[in-house]
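Per the numbering used here, residue 1427 is the first one in the sequence shown, and the count goes up by one each step.
By construction, the Cβ of each residue, glycine as well, lies at the ideal position given by its N, Cα and C atoms.
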Amino acid sequence: MPIELNLGTPSASSGHPRVLLLGRTDRPMVFVCSPFARCVQENVQNARRYSRFAYICGYMPITPHLMYPRYLDDKHFKERQDGMEMGLRLLDLCEELWVFGDHYSSGMQREISHALGKHMTIRFFDRDCKEFKKRDGLNKQAEGNI
């Protein structure tokens, strides 16, 4: 049975998937969106750094591109597609999408589009974790230029 903590929304009674799944609300889940494929070693280091940044800020980072490549082959089309689909399901459990860097890969663009379609809050950070833009999820109209 989930433990309901009275820390504001979302609550277990709100039916938010994150609360129902995890049964706790002390660390809001954020989805870390950053490049992976080109320079894999450097991008993995960056994704770890971005995830740690989210953790230090009091959030629970969800970073699929640090998990799925351990057992899925990104160069195999079906496995890449499966990884992307599983990642989008995890994104649905998050309260915000945090986008890092100055280059948005095709996978990142797909995650951003998915979050826009769900009216999620999207926060944009540079490579040094400095926030430079925020799109509030309460705004039901997608901004023209991300």
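Range of the contiguous beta strand (DSSP E) that encloses residue i
i        : result
Glu-1557 : 1557–1561
Phe-1526 : 1522–1526
Residues that residue i bridges to, as DSSP identifies them
i        : result
Met-1455 : Met-1486
Sub-7 Å separation of residue i and residue j beta-carbons
i        : j        : result
Leu-1498 : Glu-1505 : yes
Ser-1477 : Phe-1526 : no
Arg-1549 : Lys-1560 : yes
Phe-1457 : Cys-1520 : yes
Gly-1509 : Tyr-1494 : yes
Gly-1563 : Met-1546 : yes
Ile-1488 : Met-1455 : yes
Met-1486 : Arg-1464 : no
Endpoints, the alpha helix (DSSP H) within which residue i is located
i        : result
Arg-1553 : Here Arg-1553 belongs to no alpha helix (DSSP H), and DSSP marks it neither H nor E.
His-1540 : 1532–1543
Lys-1504 : 1503–1518
Supposed contact pair residue j and residue i - C-beta distance, whole angstroms, cut 8 Å
i        : j        : result
Phe-1503 : Trp-1524 : With 8 Å as the limit, Phe-1503 and Trp-1524 do not qualify as a contact, their Cβ atoms being about 27 Å apart.
Asp-1518 : Lys-1544 : 7 Å
Exposure of residue i, with buried meaning 16 or more beta-carbon neighbours within 10 Å
i        : result
Phe-1462 : buried
Glu-1573 : Since the first residue shown for the chain is 1427 and the last is 1572, residue 1573 is missing from the structure and cannot be characterised.
Ile-1538 : buried
Glu-1468 : exposed
His-1491 : buried
Gly-1513 : buried
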